[in-house]
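Enquirer: Dumping the structure here so I can ask a few things about it.
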Amino acid sequence: MAEFIIMPKQGLQMTEGTIMEWLVGEGEEVIADAPLFEMETDKLTITIDASAGGTLLKIIHGAGAVVPITEPIAIIGEKGEDFSGLLNSIGAPAAPSVVAESVEPVQTEEASVGIAIVKAPRTGRVFASPRAKMLAEEKGIDVADIDGSGPEGLIIEKDVLDYVLNPAQKTAATPLARKVAELENIDINEIQGSGVRNKVLAEDVRSSASVSQTPIQLVQQLDEELIPIKGMRKIVAERMKQSLGEMAQANHRITVDMTNSVALREQYKAVGRKVSYNDIVLRCAAKALTEFPMMNSSWTSAGIVLKKYVNMGIAVAIEQGLIVPVIKNIHLKSLDQISKESSELATKAKENRLQPEDYSGGTFTVSNLGMFDIDGFTAIINPPEAGILAVGKLAKQPVVIGDEIVIRMMMQLSLTYDHRTVDGAPAAQFLKRIKELLENPMLLI
Amino acid sequence: MSKKTYATAIRDVIAEEMRRDENVFVMGEDIELLGGIFGCTRDLYKEFGTDRIRNTPISEAAMVGAGVGAACAGMRPIVELMYMDFTLVAADQIINQAAKTRYIFGGKAKIPLVIRGQQGIGRGNAATHSQSLETIFMHFPGIKVACPSNAADAAGLLRTAIRDDNPVMFFEHKALYASKFEVPDDPDFCVPFGKAEIKRTGKDVTIVGSLLYVSRALEAAAELEKIGIDAEVIDPRTMVPFDMDTIIESVKKTGKLVVVHEAHKVAGWGAEVVSEVVDGAFKYLDAAPIHLGAKACPLPFNIELENAVVPSVQQIVEAAKKVCYR
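Chains as they are written, first to last, in our numbering: chain L, -13 to 431; chain V, 444 to 769.
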């Protein structure tokens, strides 16, 4: 039977993906576990393998298309099979349809990369027993709102009676909309429907999940170029906007005397081991985070989630934009290990080889623009984290020590924190503790 | 009330009606001394003589033809056929004469004729002695068809048949003759034609069956009760006239219908019931009705195979579960 291949969800934040290239052409054979298409998502290009074999009957969205998660992107089935019904079904989103036995799209960063195949939505008519129809009419219910429990989804009397009894189902919504809402973890009862009699359609759920589907209009009259907002640019934009929109972000700055840290680095170098200043900053920040757990938390609707582990994000600039690979459980790792992992992640990021698990699950982020000669800057928190440490350039500066002006290696740190979670004084203490550790790196031992 | 077998109830009604009306008489094979092979006229020759309990040659066409003639002439004959399978030998007399005479003569001739006998499974009587043929005679206007499922109905329906001025095909069931039932003693006890009996009330599914399949439907209902399905069991009692209203009302309540009969399923009367119910209660249906009947196979001689051809209690249970989506 012909089935849809849908845009898979790769990671919790993903709402849509861009198809980069189909590796199998229409009419060609799809081999299970062999590469099927490349997509750009969550800042990376990923190759998606086919989870099942068959013939690629139809490519619905070609290269370059931006497709929300769970939307059909292609049809797979047996050679020569008629899939016109399936194709028509997506042309009419208002028509009631059912997602039958969808394979759950990948939701956790640990899950393997694979495609989700959704069985054909029921097209056209809603089938209800005459008795169910009569009863629904008496109760003033549209049978299309009811999920059928009979054979092939037939709506029977019992389903109408259950519907009347169960207020949770009261919001009129297509089954597909319910499925999407479930995947997106959205309460369908809070969505304003745009369908017949305010029925909630899958589109409504997607737009409420702030997945914009604005069509791209090319502007030609002036000497301007319109860059479609998609892929990494779109994701960065949305996350930064979300960050500033939701959090109460405040900022502290502190200047650190790095003389002792420079000496530490020299000592490592003297024994043939290479660590960067940034690695030392990461190590100090990780230690400070274990001492200030509120800085390592997430604000959620259920409450503040205190994390007993530190997954340190490192902002890395790459050609396409920005990516934040994560060193997992950094609080348990030595400076050597941190140095090794951070350099591996940076290399993978620059070569576009990061896997979703490499850049998800962060609890705090360090962003360093010192190499661009920046004195200091204010970073925007990477949600759902509670803080971000911005690191400026390391440079010799005249400093007053005692009553003398001396030359020291100085560096500016800037902490942006979520004031909903952390107040100014503890945030200051946290930043001061990082300074203390950097100025006295033997405390790391 | 007296507890009687189905066979005795029939014999007693024949005797009572013969006492009440001297125009009533019986023709059939071996009905005098033997009293019929199932004893439905046992010893009646002693009271009424062999003029009114008359043995006939083995010629069903002649027996029924004589019955039609006697009925036209003002008598009220009862023709006993040893097996109702033999109605087919007398088919012209039944279908073209008995059924149509009153119509052809503009109502001037009445045909108060009863053709009775037994049919069905239960004795391994093989292909030409085990059929269920009530459906065939429902097809032709002009004949009434009765199918009693117990001794009381046998008595009440037979009395109504004898007193009716039109030809009546009276289908008894060989497997029911020995079954006992409370029968009213009233010598005028009649069961009206065209009045179904609700044998068991229920709210979840309507099961319609006749003759042997009334008890089988009730057995199925008892099984269904164990899994929480409350079945209503209806015995139409007469096929012509057929009380469709009672069934339609029941289906309006339950929304589900199973019709079961021993007659072959293909073009069996159950199909007519489904058709009428779909017509009369379409919007009340919560499931497609199920019609059960004998397989398209002559009734086997081997009793085990005979049972395999006709619907079982378990099949009725399964059908009811299916329409209840269980």
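All C-beta atoms in this analysis are idealised placements derived from N, C-alpha and C, irrespective of residue type, glycine included.
Fair warning: this is a prediction, and the values are worked out from it, not measured in the lab.
#1: Does DSSP classify residue 656(V) as helix, strand or coil?
#2: Can at least three beta-carbon pairs, one atom from the region 372 to 383 of chain L and one from the region 319 to 336 of chain L, be found at a separation below 8 angstroms?
#3: Please report how far the alpha carbon of residue 468(V) lies from the alpha carbon of residue 511(V), in whole angstroms.
#4: Return the CA-CA distance between residue 101(L) and residue -7(L), expressed in angstroms with no decimal places.
#5: In this structure, how does DSSP classify residue 403(L) when only helix, strand and coil are distinguished?
#6: State the start and end residues of the unbroken alpha helix (DSSP H) segment that holds residue 491(V).
#7: Taking 8 angstroms as the threshold, find out whether the region 342 to 356 of chain L comes into contact with the region 290 to 302 of chain L through three or more Cβ pairs.
#8: Is there contact here, the region 728 to 744 of chain V with the region 169 to 188 of chain L, by at least three beta-carbon pairs under 8 angstroms?
#9: Among 603(V), 755(V), 470(V) and 480(V), which one has its Cα closest to the Cα of residue 493(V)?
#10: Could you give the first and the last residue of the continuous alpha helix (DSSP H) run that contains residue 308(L)?
#11: Do the region 563 to 581 of chain V and the region 740 to 749 of chain V make contact, defined as three or more Cβ pairs closer than 8 angstroms?
#12: Mind listing the chain V neighbours of residue 347(L)? Cutoff is C-beta to C-beta under 9 angstroms, in chain order.
#13: Have a look at residue 416(L) and residue 3(L) and give me their C-alpha separation to the nearest angstrom.
#14: Within the chosen definition, does the region 649 to 661 of chain V reach the region 683 to 703 of chain V through at least 3 CB pairs nearer than 8 angstroms?
#15: Residue 530(V): which of 509(V), 559(V) and 546(V) sits nearest, CA to CA?
#16: Any beta carbon of chain L sitting closer than 9 angstroms to that of residue 546(V)?
#17: Once DSSP output is grouped into helix, strand and coil, what is the label at residue 355(L)?
#18: Quick one: which residues of the region 135 to 152 of chain L get their C-beta closer than 9 angstroms to a C-beta of chain V? List them in chain order.
#19: Going by C-alpha to C-alpha distance, which of 554(V), 555(V), 659(V) and 574(V) sits closest to residue 563(V)?
#20: Which of the residues in the region 652 to 678 of chain V, read from start to end, lie with their CB under 9 angstroms from any CB of chain A?
#21: Quick one, which residues of the region 696 to 707 of chain V are near chain L if we go by CB-CB under 8 angstroms, in chain order?
#22: Quick check on the DSSP output: the alpha helix (DSSP H) that includes residue 510(V) runs from which residue to which?
#23: In chain order, what residues of the same chain lie with their CB nearer than 6 angstroms to the CB of residue 491(V), ignoring the 5 residues before and after it?
#24: How many Å lie between residue 808(V) and residue 6(L) at the Cα?
#25: Taking the alpha helix (DSSP H) that residue 35(L) falls in, what are its first and last residues?
#26: Taking all protein chains shown into account, decide if residue 389(L) is buried (16 or more other Cβ within 10 angstroms of its Cβ) or exposed.
#27: Please state whether DSSP places residue 536(V) in a helix, a strand or coil.
#28: Determine the extent of the alpha helix (DSSP H) in which residue 587(V) is found, giving its start and end residues.
#29: Which residue's Cα is closest to the Cα of residue -1(L): 293(L), 402(L), 248(L) and 229(L)?
#30: List the residues of chain V that residue 6(L) touches, going by C-beta distances under 8 angstroms, in chain order.
#31: Residue 169(L) to residue 141(L), Cα distance in whole Å?
#32: Which residues, in chain order, does the region 710 to 732 of chain V contribute to contact with chain L at a C-beta distance below 7 angstroms?
#33: For chain V, is any of its Cβ atoms less than 9 angstroms away from the one on residue 118(L)?
#34: Measure from the C-beta of residue 194(L) to each C-beta in chain V and report whether the shortest distance is under 9 angstroms.
#35: What does a CB cutoff of less than 8 angstroms around residue 131(L) pick up in its chain, not counting 5 residues either side in sequence?
#36: I'd like to know whether the C-beta of residue 488(V) is nearer than 9 angstroms to at least one C-beta of chain L.
Expert: Judging by the given coordinates:
#1: The residue you call residue 656(V) lines up with position 213 of the second sequence. If DSSP states are grouped into helix, strand and coil, residue 656(V) belongs with the helices.
#2: no
#3: Counting from 1 along the second sequence, the entry for residue 468(V) is found at position 25. Counting from 1 along the second sequence, the entry for residue 511(V) is found at position 68. Annotation: residue 468(V) to residue 511(V) spans about 13 angstroms, alpha carbon to alpha carbon.
#4: One-based indexing of the first sequence puts residue 101(L) at position 115. One-based indexing of the first sequence puts residue -7(L) at position 7. Bear in mind that a pLDDT of 46 at residue 101(L), under 50, signals an unreliable position, so the number given afterwards is only what the model happens to contain. Going by the C-alpha atoms only, they are around 7 angstroms apart.
#5: If you number the first sequence from 1, residue 403(L) lands on position 417. If DSSP states are grouped into helix, strand and coil, residue 403(L) belongs with the strands.
#6: For the purposes of this step, residue 491(V) is taken as the residue at position 48 of the second sequence. Counting along the chain, the alpha helix (DSSP H) containing residue 491(V) begins and ends at 487 to 495.
#7: Counting Cβ pairs under 8 angstroms, three or more are found: they touch.
#8: Short answer: they don't touch.
#9: Here the question's residue 493(V) lines up with position 50 in the second sequence. Nearest C-alpha to residue 493(V): 470(V).
#10: As a working note, residue 308(L) is residue 322 in the first sequence. Taken as a continuous stretch (DSSP letters only), residue 308(L) belongs to no alpha helix (DSSP H), being part of the beta strand (DSSP E) at 307 to 309.
#11: The region 563 to 581 of chain V vs the region 740 to 749 of chain V: in contact.
#12: As a working note, residue 347(L) is residue 361 in the first sequence. Chain-order list of chain V residues neighbouring residue 347(L): empty, with the shortest C-beta distance near 45 angstroms, by a criterion of under 9 angstroms.
#13: If you number the first sequence from 1, residue 416(L) lands on position 430. If you number the first sequence from 1, residue 3(L) lands on position 17. Residue 416(L) and residue 3(L): Cα-Cα distance of roughly 38 angstroms.
#14: Contact check between the region 649 to 661 of chain V and the region 683 to 703 of chain V: three or more CB pairs, one atom from each, fall below 8 angstroms, which counts as touching.
#15: As a position in the second sequence, residue 530(V) is number 87, starting the count at 1. Among 509(V), 559(V) and 546(V), the Cα nearest to that of residue 530(V) is on 559(V).
#16: What you label residue 546(V) is simply residue 103 of the second sequence in a count that begins at 1. Not closer than 9 angstroms to any Cβ of chain L, the Cβ of residue 546(V) fails to qualify, so no.
#17: On the first sequence, position 369 is the one that residue 355(L) refers to. Here residue 355(L) sits in coil by DSSP.
#18: Answer in chain order: 135, 136, 137, 140, 142, 143 and 144.
#19: Translated into positions along the second sequence, residue 563(V) becomes position 120. If we check each option's Cα against that of residue 563(V), 574(V) comes out closest.
#20: The structure shown contains no chain A; its protein chains are L and V.
#21: 698
#22: As a working note, residue 510(V) is residue 67 in the second sequence. First-last of the alpha helix (DSSP H) with residue 510(V): 503 to 515.
#23: Counted from its first residue, the second sequence places residue 491(V) at position 48. For residue 491(V), the CB contacts under 6 angstroms within the same chain, skipping 5 residues up- and downstream, are 461 in chain order.
#24: Any answer about residue 808(V) is impossible in this case: the structure gives chain V only from 444 up to 769.
#25: As a working note, residue 35(L) is residue 49 in the first sequence. Element bounds for residue 35(L): not the alpha helix (DSSP H) but the beta strand (DSSP E), 30 to 35.
#26: Position 403 of the first sequence, counted from the first residue, corresponds to residue 389(L). By the neighbour-count rule (16 or more Cβ atoms within 10 Å), residue 389(L) is not buried but exposed.
#27: Taking the first residue of the second sequence as 1, we reach residue 536(V) at position 93. Looking at residue 536(V) - three-state DSSP - the assignment turns out to be helix.
#28: Reading the second sequence from its first residue, position 144 is the one you call residue 587(V). That residue, residue 587(V), is in no alpha helix (DSSP H); its beta strand (DSSP E) goes 587 to 589.
#29: Working through the first sequence from its first residue, we reach residue -1(L) at position 13. The candidate whose alpha carbon is nearest that of residue -1(L) is 229(L).
#30: Here residue 6(L) refers to the residue found at position 20 when the first sequence is read from its first residue. Correct list: empty, because the minimum Cβ distance to chain V is about 47 angstroms.
#31: In the first sequence, counting from the first residue as 1, residue 169(L) sits at position 183. In the first sequence, counting from the first residue as 1, residue 141(L) sits at position 155. Computed Cα separation, rounded: 24 angstroms.
#32: Within the region 710 to 732 of chain V, the qualifying residues are 725, 726, 727, 728, 729 and 730.
#33: Counting from one through the first sequence, the residue named residue 118(L) turns up at place 132. Yes, its Cβ sits closer than 9 angstroms to a Cβ of chain V.
#34: Counted from its first residue, the first sequence places residue 194(L) at position 208. Closer than 9 angstroms: no.
#35: If you number the first sequence from 1, residue 131(L) lands on position 145. Within the same chain, residue 131(L) has close Cβ partners 149, 155, 158, 159 and 185.
#36: Mapped onto the second sequence, residue 488(V) falls at position 45. Output row for residue 488(V): interface = no.
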